[in-house]
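Novice: If you're matching positions, the sequence shown starts at 14 in the numbering used here and goes up one per residue.
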Amino acid sequence: MIEQLLTPPMAVAEAFQDDTGGPGLYAAEERLVSGAVPRRRREFTTVRACARRALAELRIPPAPILHGERGAPVWPAGVVGSMTHCEGYRAAAVAYAGDLATIGIDAEPNLPIRSSGTRERVTVPEERAWLSPLEVRRPEVSWDRLVFSAKESVYKAWFPLTGRWLGFDQAVVTVDPDRGTFHARLLVPGPKIGGSRLSGFAGGWMLRDGILLTAIALTHSAVSLTGRTPLADRVPVSLRHATASVPAR
Numbered sequence: 014m015i016e017q018l019l020t021p022p023m024a025v026a027e028a029f030q031d032d033t034g035g036p037g038l039y040a041a042e043e044r045l046v047s048g049a050v051p052r053r054r055r056e057f058t059t060v061r062a063c064a065r066r067a068l069a070e071l072r073i074p075p076a077p078i079l080h081g082e083r084g085a086p087v088w089p090a091g092v093v094g095s096m097t098h099c100e101g102y103r104a105a106a107v108a109y110a111g112d113l114a115t116i117g118i119d120a121e122p123n124l125p126i127r128s129s130g131t132r133e134r135v136t137v138p139e140e141r142a143w144l145s146p147l148e149v150r151r152p153e154v155s156w157d158r159l160v161f162s163a164k165e166s167v168y169k170a171w172f173p174l175t176g177r178w179l180g181f182d183q184a185v186v187t188v189d190p191d192r193g194t195f196h197a198r199l200l201v202p203g204p205k206i207g208g209s210r211l212s213g214f215a216g217g218w219m220l221r222d223g224i225l226l227t228a229i230a231l232t233h234s235a236v237s238l239t240g241r242t243p244l245a246d247r248v249p250v251s252l253r254h255a256t257a258s259v260p261a262r
């Protein structure tokens with residue numbers, strides 16, 4: 014599914030169920046989940062199998078994918094990538110670092126955020142102003158969950174570029190409900206790419222089989238290969254507004 018949001022030069026692999034008879038984990042990966050419950054172990058194993066399949070498309074030999082700072086995956090040298098998993102879905106996307114600056118993907122169930130406290134924690138007032146009208150007009154999509162997913166993809170794309178945390182209240186997400194795109198405007202200084210400081214990230218989203226998917230892929234010229242919107246400060250960004258968000262990282 015997610016390959017509809019991510020095209021070459023990216024390589025993508027996904028799974029809809031865990032293959033318990035697969036190749037398994039490397040010893041170093043085993044140590045990361047030695048005390049994990051079976052469900053966590055299965056999703057950890059399957060998403061890494063997806064990552065190795067995607068890396069194989071780039072002709073990169075299999076290797077352990079360990080945790081770095083703040084739990085971010087450590088990719089082989091010369092590779093950028095992102096992984097995600099939710100109930101019934103696992104995926105990984107990778108590319109050569111010479112082709113792309115960063116990738117961020119996320120998958121979430123198409124279910125609304127039940128807790129009002131959580132909803133307020135992961136959204137900002139500007140987002141909440143758009144959320145309620147859109148939920149009435151287009152109830153088939155859990156828009157708050159979609160904005161949460163978009164912020165997760167933003168963080169996964171942001172962290173490899175900055176090495177810094179990005180809170181839910183440090184970006185404002187807007188969604189185009191018809192075009193399947195979103196934009197996240199940063200409320201803190203962004204990293205420099207191609208000589209210009211980023212003011213935000215653009216990406217794509219889709220809903221398929223009860224799963225919300227969001228994705229960001231940014232070139233070294235600060236152009237998104239998903240949202241198709243240049244993101245450097247020198248380029249004006251205009252997208253139709255509508256929003257939503259969700260739980261903790």
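All C-beta atoms, glycine included, are put in the ideal place defined by N, C-alpha and C.
Per DSSP, K164 is paired with what?
Specialist: The partner list for K164 (beta bridge, DSSP) is empty, contrary to what the question assumes.
Novice: Cutting at 7 Å between CB atoms, please list the residues of its own chain near T175, excluding the five before and the five after it.
Specialist: P204
Novice: Using only the alpha-carbon positions, how far apart do G101 and F29 sit?
Specialist: Cα to Cα, the separation comes out at about 5 Å.
Novice: Going by DSSP, name the residue or residues bridged to G117.
Specialist: I229
Novice: Counting C-beta neighbours from all protein chains within 10 Å, is the total for D32 16 or more, i.e. buried, or is it exposed?
Specialist: By the neighbour-count rule (16 or more Cβ atoms within 10 Å), D32 is not buried but exposed.
Novice: Taking the alpha helix (DSSP H) that G130 belongs to, which residues open and close that run?
Specialist: DSSP places G130 inside the alpha helix (DSSP H), whose first and last residues are 129-135.
Novice: Nearest CA to the CA of E70: which residue from L38, L231, Y109?
Specialist: Y109
Novice: Once the 5 residues before and after R271 are set aside, which same chain residues still bring their CB inside 8 Å of it?
Specialist: Residue 271 cannot be examined here, being either before or after the span of the chain that is shown, 14 to 262.
Novice: Short of 8 Å in beta carbon distance, which residues of its chain neighbour R83, apart from the five on each side in sequence? Order them along the chain.
Specialist: F172, W178
Novice: Could you tell me whether the region 205-218 touches the region 131-148, using the rule of 3 or more Cβ pairs below 8 Å?
Specialist: no
Novice: Would S95 be called buried (16 or more neighbouring beta carbons within 10 Å of its own) or exposed?
Specialist: buried
Novice: Note the first and the last residue of the continuous alpha helix (DSSP H) segment covering W143.
Specialist: 138-150
Novice: Per DSSP, R198 forms a beta bridge with which residues?
Specialist: V185, G213
Novice: Looking at T187 and E121, is the spacing between their C-beta atoms short of 9 Å?
Specialist: In this structure, T187 does not lie closer than 9 Å to E121 by Cβ.
Novice: Cα-Cα, which of G180, G34, L226 is closest to E16?
Specialist: Cα-wise, what sits closest to E16 is L226.
Novice: In the structure shown, what three-state DSSP assignment does R103 receive?
Specialist: strand
Novice: Can you tell me whether DSSP reads T33 as helix, strand or coil?
Specialist: coil
Novice: What would DSSP say about W218, mapped onto helix, strand or coil?
Specialist: strand
Novice: Measure from the C-beta of I116 to each C-beta in chain B and report whether the shortest distance is under 9 Å.
Specialist: Judged by its chain identifiers, the structure shown contains no chain B, having just a single protein chain.
Novice: Which first and last residues belong to the alpha helix (DSSP H) in which A67 is found?
Specialist: 51-70
Novice: Would you call D222 buried or exposed, if buried means 16 or more other Cβ atoms sit within 10 Å of its Cβ?
Specialist: exposed
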